[in-house]
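Everything on this sheet refers to the single structure shown next.
Protein chains: 4
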Amino acid sequence: MSCKDLPAHPFDDDKLREECGVFGVVGVTDASNFVALGLHALQHRGQEAGGIVTHDPATGFNQARRMGLVRDNFTNQKVMETLPGTIGIGHVRYSTAGSKGQTAIRDVQPFFGEFSMGGAAIAHNGNITNALALRRELIERGSIFQSSSDSECIIHLMARSMGRTIPDRMEEALRKVEGAFSIVAMTRTKLIGCRDPLGVRPLVLGQLGDGWVLSSETCALDIIGAEFIRDIAPGEMVVISDKGVQSHFPFRPAKSRFCIFEHVYFSRPDSILGDRSVYETRENIGRELAKEAPVEADLVCPVPDSGTPAAIGYSLQSGIPYAMGIIRNQYMGRTFIEPSEQIRNMGVRLKLNVNRALVRGKRIILVDDSVVRGTTSQKIKDMILDAGAAEVHFRIASPPTAWPCFYGVDTPQRDKLLAATMSEEEMRVHIGVDSLKFISLDGLYRAVGQKNGRDPAAPAYCDACFSGEYPVAPSDMIDQGFQTKTAAE
Amino acid sequence: MSCKDLPAHPFDDDKLREECGVFGVVGVTDASNFVALGLHALQHRGQEAGGIVTHDPATGFNQARRMGLVRDNFTNQKVMETLPGTIGIGHVRYSTAGSKGQTAIRDVQPFFGEFSMGGAAIAHNGNITNALALRRELIERGSIFQSSSDSECIIHLMARSMGRTIPDRMEEALRKVEGAFSIVAMTRTKLIGCRDPLGVRPLVLGQLGDGWVLSSETCALDIIGAEFIRDIAPGEMVVISDKGVQSHFPFRPAKSRFCIFEHVYFSRPDSILGDRSVYETRENIGRELAKEAPVEADLVCPVPDSGTPAAIGYSLQSGIPYAMGIIRNQYMGRTFIEPSEQIRNMGVRLKLNVNRALVRGKRIILVDDSVVRGTTSQKIKDMILDAGAAEVHFRIASPPTAWPCFYGVDTPQRDKLLAATMSEEEMRVHIGVDSLKFISLDGLYRAVGQKNGRDPAAPAYCDACFSGEYPVAPSDMIDQGFQTKTAAE
Amino acid sequence: MSCKDLPAHPFDDDKLREECGVFGVVGVTDASNFVALGLHALQHRGQEAGGIVTHDPATGFNQARRMGLVRDNFTNQKVMETLPGTIGIGHVRYSTAGSKGQTAIRDVQPFFGEFSMGGAAIAHNGNITNALALRRELIERGSIFQSSSDSECIIHLMARSMGRTIPDRMEEALRKVEGAFSIVAMTRTKLIGCRDPLGVRPLVLGQLGDGWVLSSETCALDIIGAEFIRDIAPGEMVVISDKGVQSHFPFRPAKSRFCIFEHVYFSRPDSILGDRSVYETRENIGRELAKEAPVEADLVCPVPDSGTPAAIGYSLQSGIPYAMGIIRNQYMGRTFIEPSEQIRNMGVRLKLNVNRALVRGKRIILVDDSVVRGTTSQKIKDMILDAGAAEVHFRIASPPTAWPCFYGVDTPQRDKLLAATMSEEEMRVHIGVDSLKFISLDGLYRAVGQKNGRDPAAPAYCDACFSGEYPVAPSDMIDQGFQTKTAAE
Amino acid sequence: MSCKDLPAHPFDDDKLREECGVFGVVGVTDASNFVALGLHALQHRGQEAGGIVTHDPATGFNQARRMGLVRDNFTNQKVMETLPGTIGIGHVRYSTAGSKGQTAIRDVQPFFGEFSMGGAAIAHNGNITNALALRRELIERGSIFQSSSDSECIIHLMARSMGRTIPDRMEEALRKVEGAFSIVAMTRTKLIGCRDPLGVRPLVLGQLGDGWVLSSETCALDIIGAEFIRDIAPGEMVVISDKGVQSHFPFRPAKSRFCIFEHVYFSRPDSILGDRSVYETRENIGRELAKEAPVEADLVCPVPDSGTPAAIGYSLQSGIPYAMGIIRNQYMGRTFIEPSEQIRNMGVRLKLNVNRALVRGKRIILVDDSVVRGTTSQKIKDMILDAGAAEVHFRIASPPTAWPCFYGVDTPQRDKLLAATMSEEEMRVHIGVDSLKFISLDGLYRAVGQKNGRDPAAPAYCDACFSGEYPVAPSDMIDQGFQTKTAAE
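Chains as they are written, first to last, in full-length UniProt numbering: chain A, 1 to 489; chain B, 1 to 489; chain C, 1 to 489; chain D, 1 to 489.
Structure, rendered in structure tokens:
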């Protein structure tokens, strides 16, 4: 099942994609059922595959890893019965570029390793930027890799560590890796969470009765009725057992650089990131956009569903009425066979339909979250104009996406990013609309609460996809010829 | 796959359900691919099963009937290759109460019959209110029924007719049936459409190049790029061949009584019914509700997704900001296994999450399309209050649903309808909200363009589910003991 | 799943194929489990599909009809739970020439009809030779056929009968049909069995505790531990209820003409047909062959598995040692993908391997049950010679098959039958063996116990496939241009 | 799918089971298609799972590993298209005791490892008797095991080797393992075969055009039309590349101890082992049995299918006619649901039926290959007596199986082996037959060509299952408390 088959977002092939969600729970009966629910709530972070590991004294470690959606695999009684225990972790993922078809199951996390003091499983959200170099060195010394995943390095580094406990080994391993990581891991009795020193990817702590929960986002606490306690801090490792939560800071301290795109698109609108409501941030972005890029029009319409909160904000700020000018088909999913009498823009029609009676003769402001390749923007513009709209004005809730992400997001190569090769006006002409405006980087920072906009000397977020300023050098990519901004200039 | 497994609406089990959608096309290459797309656009009218019949001179009549969604069956190359031809019809359906499991495939339409002058297939949206009596008589005379469906009577009546052509036989058959029917049928070369004299269910005519299309709703014309020509009139039969569209009126003329609930909930918001935009009608309902039942509050929030247009209308009329207070999980679908440590209202949590940061401390107006059993309304109220809302005011975009429908909609028995047993105030207390208001029947008529509201002497719509006034006597049900309003009083 | 995928016989595509097996039971708990076992024992009579109908007072009539083997469908707990009751019937079948793919499920028996006095289901082994004429007339009068099967005529004739009971209606219906039929049918409380006046196909009665069993062959009594009571007589109808077994003879009396090929190939060697052991008959055929067609050789080898008993008989009579010169692969089943470097006779290699060490340098007598197209005989000869055999002598346990069967067996058209176009010597040259001999028709009659061979004036068996003498005129086929022997001469 | 579901042998649960078959090919187009066919011919050596690895310059190493039969997985076009290349190896296996359900796929071979000089895959038939000790040490040093299989040690030992080439590393690894192994392995360009110094399991070399083949048995050469060249010698390693076949002898020389049970039961009758025809060996065993244990009787009948050649030999030697007294159901496979009115010995009835007409009143000699637990022998005796046999004499084509095998065969624990706890006469009484005789160990040696029987000082075969004399000490088992014969005495 390719991602194009999945209902996440109507234009997944023209969006950046988060590569993972992680979840773990300890101290509850039927841990796997909680993990399944948590992963279901995190499904938007990775739709291609999912896995769960649990431990039970009677059966030892148990695992199930499957291609496809959580709801299609982990609702099956027979599968869930193979996952007993009061501790468990899980992972959802997108495929990486290289893996394909049959072999991809090898790459589905959590990864498991048996050490001399017992087993451990880990689930990783992020990307290790020196994974290739580490892998080469580990193979040289006799490690056998099961997968093509960068994350597997961590468990081999742990296997070779001389550390006496598994948390000790994980600390030692993580000090050797570079890049972004939010990790949920487990031993027979301990649940472990860790974020990289910059805290690029989210990870939160929750409480559920006497038990504890770790999750990429708070929306997964809500689904199981757990209470949100706090974010795991950048550079923090927590070890949770029946003695409670112990906190460590094994890394050299650094200034936090949380991914700003989590606010724009990746995270669910009902999640809270760094004490900020994602929905309200997006509504703020819409308001900022209305201030930065006003235009006379009859209706403000979102590109469903991710443009909705920003469109509402734009409408509230501008006073122009909000309306559903584009209706999303709730049953989208597969590729239909096109008749030989071809249908114009059939791919988009399967997913969206213009509300023709509404838009006819109107000046329409369309609000979308981002422009990646720009292919979908053109098709939507075609549909709106076919339906008789008088004018089409695009407003984009993020700055131009001009640089690839190397911290756990699937982005096209740089030359495929529209904003890497065109100015805003060139993009307007290319897409063919009456106006096109992106929010400014300062405007975006204001929307996330930085009143003075972005501090160029010490930005509060990772915004490399917009600015080209990578807080951790992507060393494997540089080895393969990637030119950073400094090098490119 | 039961309806509870499907992504249509988060509270399908507490909604009225349309039982069918019909679609047909003639005069195009690869008719089946167009039919598959049309049925996909009509999927909301019936998610349990679907079927397609085509005819090709080389292979004769071809059919495929399957349980499940259109996208899961009719995107398969192998299946579609078995359906060649330039003429085809299709049907999507909900299950009826009686059928279960393995045998249900028998009940999937279109139904096919071989007559002495050739074969015919028919697809039916509606319900025949004298089907049991007809069936009894047909069996007495030697007909063998394949299904438990009321619709099968039509094809047996046609088989026994002395009519010389298939359209003649269909006319003769339809003059014997009572109730609601919008039918799409086909012979080897002719596409036939027909609506009952009251025109209870919708049926529209479209044009696609040199070919013609019949569909339950206009949204299915949009997906294939066909042009909307006109509604098939109540009591009209059209016979479409390579000579064009011939129109007949085989029934005694009657005043139109189109189903008003199609505007409230069944039809897609991007469809046009009787020259009215469904979206605008729903926005109008919201505006009427705001006039009839104003309340001081901080936010207007829809119960997603069907309450959205009315909530937007309420917000526009009242000036109270519109917001997404409830977020719908896009991946809902299956029943997860609940942990033994039970989760409060887990069923609803799988589908919806309250936007906690947004609603905390606020007075919330929740707009929903209807209240059937009321069970879901209680759970949503619980979730909103758990999240810290200060007040909850329910506004319902339809009058109280107090009577079952016998014209093709799956409704609970009368004693299960909350409004059949409680007053509005009793319902408010039962659900546990600060206020609860339904739109009035007159208000609803105003929203659909009847400036003076409902004319009690000659209502323009079928509104039996609200009024208990059945335009066609449900004779089979009366035989089984159902008490009409007059009888009940 | 096509028949080529199935493990029945290594050369199914070059064999005549029985088209059906029937089974029924009444007066036992869990009737469907007995029916499943009985059908499993009759699987060799039809491997493409199977169906079971039961009746239970609580659920009414229940049915499950599936493509594929009994063991793959009716061992499933969920399926079997839908088939409660103390009475049930079942059917296994090959596909008929016309049906293909998706639609074939329509043709899977038992067929069911609801009459005014209640429902009935029937399962039919045989073939109705005037089915086309009957079908045409029934359609003319308004019957709607569900399938392409000749057997469906019977249930429509029953539906139109004025008979007051279901057995009365079945009698009336069967008096209108011509051809071969062994039928097992059921009402809510009665199990009914019937054989055509010539008794072409087998049907036996068994007893199981207080219950009764009807089956095509005795091997299906053995599997459930039932006692074999007697054959149902040609022209007999039995109606079995809690009052016991009532016997009727509704047809004009006729001389029995049981199918002699049931003894040669169709029936299982452990069945008893007309009081004769099939295994012993086949061993007798081998002995007769050794007398009629002796040859000097080193080893007698069967073509597995159907040639085995005759090869043993040939060895015992001739004194030449019996050996397994050809080994059958027990896992055959599917079509493997052939490498581009093609493998000579790969199809046969998948199923058989020559025991090279054994046959090298030896003179081999190969015993097979029949020659239909002759294609497989050539390939086996190739394999034996490749392995170094000095001589190959074919001995065939039936006379030349020169005429198609119209009584329930799937035979190629006449011009595809090798023996219809070649003499024995021409066939020997065509296949390329040192000698080729078929048993004589008289020899075959002697092997089944007719000491004086075949009585040309009044043959004891139907031997039309060998003699071209059809005991019932195949009227539909004659209408379509088939030339009988008299016409051909 | 458990082994009980599979058609291999009617009494698999009461037989010793070979645990693996291996196959490899190099220098041919579409190697994977040849591997699939080879594995299909070796399916009797392992029915639970299978895997294929190939290498192609464009795609690198490709693999597919699946639960179930070769014919159900590797006939699928889509699967086979993922396996391009001119070199490939494959493996079929039974499950080991420990693995269960979902996780077992981890244990399916071939295993693959990426080393610094490139990747290698290995497939192993046999058992490593010091695997637990090796595994413990490897984990201590940081290796992460993917499976529970003893065979995985080999690839980890290779990963840690300092050898410069993959064959060098394999030599070094294999010098550290004890036990039985016939290995087929591959690099990008080389096919490697190796047998342990005693040559316990078979491995043969074949030629196919310009390409080369390695296989557990010759029957897999026949299916692809390859020519049998020679056995790989005990202790030999062959490295096959486009330069031809290079032979090495890396181990300390030892006297060959080939598994004698391969002749009795494991190998296919059409294979040639050590220049001896398996079929002829089994016929010889029957002749020896007739000499050692004659008895007056009417018929010699095999227990199908594995007893057949020995029964033929017994008949030829004794002059008592051979007959099929027991008929095997060709469609066996699954567990049917037993009716609540239970059927005596239903499990056996599903698989076998007694030819009642044949055995009634007769004195029957039943020839079977072995007695393990004895449970099936009792049931067969019951069936034969129920059918009216006058006497039943069991003759067993192997000596009493009194000791478990630790060299790659799945045997019950010693206390479950009937012969470990009973004398021959006690077994006769336990099974309940008129006589019971096993061939003597000397008789068995004579049947495999050792004219003077077994040389107790230097037996030519491994016969530990009969004699308790283990040619390699089972060190892991001894660590776990197993008592060898010397210790037991």
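Where a beta carbon is used, it is the ideal one built from N, C-alpha and C, also for glycine.
A quick note: this is a predicted structure, and the numbers were derived from the prediction, not measured.
As assigned by DSSP and simplified to three states, the class of residue i
i, result
"K437 of chain B", "strand"
"P302 of chain A", "strand"
"N62 of chain D", "strand"
"S149 of chain C", "coil"
"M117 of chain D", "coil"
"V429 of chain B", "helix"
"Y407 of chain B", "coil"
"R276 of chain A", "strand"
Cross-chain neighbours of residue i in chain A, by beta carbon under 9 Å
i, result
"I155 of chain D", "I144"
"D298 of chain B", "Under the 9 Å cutoff, chain A gives no residues; its nearest Cβ is about 13 Å from D298 of chain B."
Contacts that residue i makes with chain D (C-beta to C-beta distance below 9 Å)
i, result
"C219 of chain C", "I327, N329 and N353"
Amino acids of chain C, ordered along the chain, whose beta-carbon sits closer than 7 Å to that of residue i
i, result
"S340 of chain D", "T29 and D30"
"residue 490 of chain B", "In the structure as shown, chain B begins at 1 and stops at 489. Residue 490 of chain B is therefore absent and cannot be evaluated."
"E280 of chain D", "A357 and L358"
Proximal residues of chain C, C-beta to C-beta of residue i below 9 Å
i, result
"Q43 of chain D", "N329, Q330 and Y331"
Residue i burial status per 10 Å Cβ neighbour count (16 or more: buried)
i, result
"Q63 of chain A", "buried"
"residue 498 of chain A", "Beyond the ends of chain A as shown, which are 1 and 489, falls residue 498 of chain A; an answer cannot be given."
Backbone CA spacing between residue i and residue j [nearest angstrom]
i, j, result
"R287 of chain A", "N353 of chain B", "24 Å"
"K100 of chain D", "P294 of chain D", "Below a pLDDT of 50, predicted positions are generally treated as unreliable, and K100 of chain D, at 41, falls in that range; the measurement from the model is reported next regardless. If I take the Cα positions, the gap works out to 45 Å."
"S256 of chain A", "T401 of chain B", "55 Å"
"V238 of chain B", "S161 of chain B", "20 Å"
"G347 of chain D", "G113 of chain A", "42 Å"
"K15 of chain B", "P412 of chain B", "9 Å"
"F61 of chain A", "R45 of chain B", "46 Å"
"A97 of chain B", "R201 of chain B", "Caution applies to A97 of chain B, whose pLDDT of 40 falls short of 50 and renders its modelled position unreliable; the value that the coordinates give is listed next. Going by the C-alpha atoms only, they are around 20 Å apart."
Contact under 8 Å by Cβ, residue i with residue j
i, j, result
"N127 of chain A", "A49 of chain A", "no"
"I52 of chain B", "I122 of chain B", "no"
"L198 of chain C", "A254 of chain C", "yes"
"S216 of chain D", "L208 of chain D", "no"
Closer than 8 Å at the beta carbon, the chain A residues around residue i
i, result
"H91 of chain B", "Near H91 of chain B there are no residues of chain A at all, since even the closest Cβ is about 16 Å away, more than 8 Å."
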